[in-house]
Structure formats: C-alpha cells, structure tokens
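Input: a single structure, listed below in structure tokens.
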Ligand SMILES: [Fe+2]
Ligand SMILES: [Fe+2]
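Rendered as structure tokens:
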C-alpha cells in the first residue's frame with residue numbers, strides 16, 4: 001500500500017488507520033491540500049479524519065518516526081502534531097518540520113494547555129495551537145486558518161523572490177549599461193586624444209617644413225622599434241601617439257629659420273635647438289601619461305648616445321628610452337624624405353649614416369634593430 005501506513009488494531013468505535021489510509025486515494029482528493037496528522041491515539045486520528053477528510057487529503061502517523069518517514073516521501077501542506085507522545089516528543093518533530101519543510105504549516109495539539117508550549121510553538125513558527133479535547137469545529141477552523149496563513153506566507157515569499165529577482169535583473173542591466181557607457185567614454189577619450197595629437201601635429205606641419213606624413217611615418221617606425229625592443233603593448237601605443245609631438249616646440253621657432261635653405265648661423269642654430277625645451281614646456285606637468293611621455297620625447301629626441309647632443313648633453317641610458325627610439329626613427333625617416341635644403345637620400349646612404357651613428361648618435365641596440373628590420377621599417381614608409 002502506498003504510504004506504508006502502520007498496522008493498527010481495529011477500533012470498535014470507527015475505522016482502523018489502514019481503512020482510513022486505504023480510503024484516502026479513492027476519494028479523488030489528489031489535488032486537495034495534504035495534511036499529515038500525527039498522534040498516538042487512534043480516536044484523535046479518527047476525529048481528524050471525520051472532520052477534515054472531506055475537505056483535505058489526510059494521512060496519519062502514530063509516532064514521530066513514522067511522521068518523519070511520511071514527510072521524507074511526500075509534500076504536506078499542513079502537519080497536525082500531538083506534543084505528548086511516547087518516545088520522541090512531538091515538539092522535536094515540530095522543530096524539525098519548521099526547519100526542513102518551511103512550506104508546511106504546523107498546528108500543535110496538546111493535552112495540557114501550557115503557555116510555555118504555546119510560546120515555543122509560536123517561536124518555531126506554528127500557525128495553530130489546539131488543546132484537547134477540542135471540538136470538530138475548532139479543529140476545522142484552526143486548520144483552515146493555518147492553511148490560509150501558509151498560503152499568505154508563501155505568496156509573500158514568492159512576491160519577495162520576484163522582487164529580488166527583478167531587482168537583481170535591474171542591477172545586472174544597470175551594470176551592463178554602466179560598463180557600456182564606461183567603454184564608450186574610454187573610446188571617446190581615446191579618439192579625442194588621438195585627434196588632439198593629430199591636430200597639434202597638423203599645426204606644427206603648417207608652421208614647419210616637415211610634413212604631416214613625416215610625423216606619421218616616424219611615429220610608426222618608433223612604434224615598430226618599441227615593439228622590437230619588447231615594450232608592453234600599452235607603452236607601444238602611447239609611444240605611437242606621443243612621437244608625432246616631438247617637434248611641437250618648433251611652433252616658437254621663426255619661419256625664416258625653419259625654411260632657411262642654407263646653413264644656420266650660431267644664433268639661428270641656438271634658436272632652432274630651443275624647440276626641444278619649448279616643446280617640453282608645452283607638454284610637461286600633465287596628468288596624462290601620454291603627454292608626459294610626449295614631453296620627455298620633445299626634450300630628449302636630439303640627445304646623442306655619446307652625450308654630444310642637445311639640449312642637455314645627456315648620454316646613454318640617462319636619455320629616456322622613448323627619446324632614444326624617436327631619435328633614430330626621426331633621423332631615419334628625415335633622411336629618406338625631401339627637405340627644403342636637400343632631396344631624399346637613397347636607402348643605402350641613409351643606412352650608412354645610421355651605421356655611422358651607431359654608438360655615437362644612436363644607441364647601438366636600437367640601431368641594430370632598425371638595420372635588421374629594415375624591410376619592415378621601409379614598408380611602414382610606403
Ligand atoms: Fe626635433
Ligand atoms: Fe622630425
């Protein structure tokens with residue numbers, strides 16, 4: 001028999017537990033709320049069956065152990081538990097139900113009206129409390145109230161769950177939107193940063209005889225050298241963006257000097273060389289890493305590895321790496337470009353100048369990298 005109902009002797013006053021249990025499935029009450037009544041006294045269980053059997057699907061247990069088995073097998077909407085039973089106390093069962101089956105309503109049944117038990121029942125979350133002997137009407141209304149309260153509590157739980165889920169969904173949606181907005185802001189900043197640099201380079205181009213194509217080509221070659229030197233990709237990107245600003249200080253150099261075809265006088269040379277410090281003044285003290293790198297490049301791209309450069313005569317690794325890289329990329333591209341005072345050089349001649357400058361003007365390691373990767377550098381100029 002499903003449900004494994006214990007064997008109980010027939011009672012002359014009514015049906016046995018078996019008869020009751022056999023009777024349950026035949027009532028066509030499968031969709032009715034399920035009630036588990038636990039009591040060691042058969043007459044109480046019969047009263048429960050008589051009172052609640054027509055409205056609910058009742059099942060019966062005569063001990064805590066049996067009730068525990070039933071609960072493990074089926075879902076009950078309500079548990080009617082007697083407190084005073086031989087063996088384990090019904091209160092243990094009630095506490096267990098409250099903990100393990102929080103969706104099961106509990107009605108406590110006691111033979112002694114003890115406020116302490118009533119308080120304990122309230123504490124564990126029992127929805128009803130009956131003192132024996134009770135009338136069928138009392139049992140019915142307590143059961144109905146307990147089930148109604150359970151329904152309300154479950155509806156409230158479901159409502160909270162839905163609210164929580166929708167709050168979580170909204171938070172997730174908000175997080176996605178925020179991440180997207182941040183990404184867009186970063187992209188916008190990147191593109192406006194790049195545009196600012198390009199416009200600055202264009203301003204220099206309008207003033208200087210050097211073309212915008214030169215600053216772009218030398219910046220690409222500088223980035224190639226940075227990559228070949230093993231710099232981190234973010235630093236290579238900064239170098240690519242900062243290099244076009246290397247001659248920004250020429251904005252303060254007079255047109256006559258910039259466009260002079262013959263050799264410069266000493267004063268003119270000094271004025272021309274000032275573009276390094278002026279460029280540094282324009283770009284220095286920025287909170288932007290890009291502009292700080294550009295400032296260092298502007299100041300040091302005419303320093304020589306052997307200390308014979310300007311404006312400070314720094315040598316070796318005292319010259320910032322980006323300054324050393326731009327120094328060679330700038331000269332390499334300038335040699336291969338037409339200038340107002342000379343035509344573009346053939347590649348072989350330019351390479352000879354780079355080789356001659358190895359260890360004097362240029363850091364040997366970087367000069368070697370350029371010479372070894374000449375084809376790639378020339379592709380960038382195409
Ligand atoms: Fe320069
Ligand atoms: Fe240049």
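Residue numbers (my numbering): 1 to 382. Even glycine gets a Cβ: it sits at the ideal position worked out from N, Cα and C.
Rounded to whole angstroms, the Cβ separation of residue 253 and residue 270 is 11 Å, and the two are not in contact under 8 Å. Between the alpha carbons of residue 370 and residue 382 lies a gap of roughly 16 Å. Annotation for residue 95: 124 place their beta carbon closer than 8 Å to its own, counting only its chain and skipping 5 residues before and after.
Distance from the Cα of residue 220 is smallest, within the candidate group 380, 32, 196, 357, for 380. Taking all protein chains in view, the Cβ of residue 62 is crowded by 16 or more other Cβ atoms within 10 Å, so the residue is classified as buried. Judged by the Cβ position, residue 247 qualifies as a neighbour of ligand 1 at the 6 Å threshold, a heavy atom of the ligand being closer than this. Here residue 59 is bridged, per DSSP, to 36. The alpha helix (DSSP H) runs of length 4 or more contained entirely in the segment 62-123 are, from start to end of the chain, 64-73, 90-100. In this structure, the straight-line span from the alpha carbon of residue 326 to that of residue 232 is close to 17 Å. Secondary structure at residue 342: strand, using DSSP grouped into helix, strand and coil. For secondary structure counted as the alpha helix (DSSP H) over 4 or more consecutive residues, the segment 264-335 holds these complete runs in sequence order: 266-273, 275-283, 289-300, 321-335. Per the Cβ contact rule, the segment 339-358 is not in contact with the segment 176-183 (fewer than 3 Cβ pairs under 8 Å). Per the coordinates, the alpha-carbon of residue 275 lies some 20 Å from the alpha-carbon of residue 362. The alpha-carbon of residue 146 is positioned some 19 Å away from that of residue 67.
Here residue 110 really is in contact with residue 83; their C-beta atoms are around 5 Å apart, less than 8 Å.
According to the DSSP assignment, residue 249 belongs to no alpha helix (DSSP H), since it is labelled neither H nor E. In this structure, residue 320 places its C-beta atom within 7 Å of the C-beta atom of residue 296. Counting only the Cα atoms, residue 249 lies some 29 Å from residue 347. Within the same chain, Cβ atoms closer than 7 Å to the Cβ of residue 376 are found at 224, the five residues on either side in sequence being excluded. For the set 113, 135, 153, the Cα lying nearest the Cα of residue 106 is the one of 153. Beta-carbon to beta-carbon, residue 33 and residue 57 are separated by about 7 Å, close enough to satisfy the 8 Å threshold.
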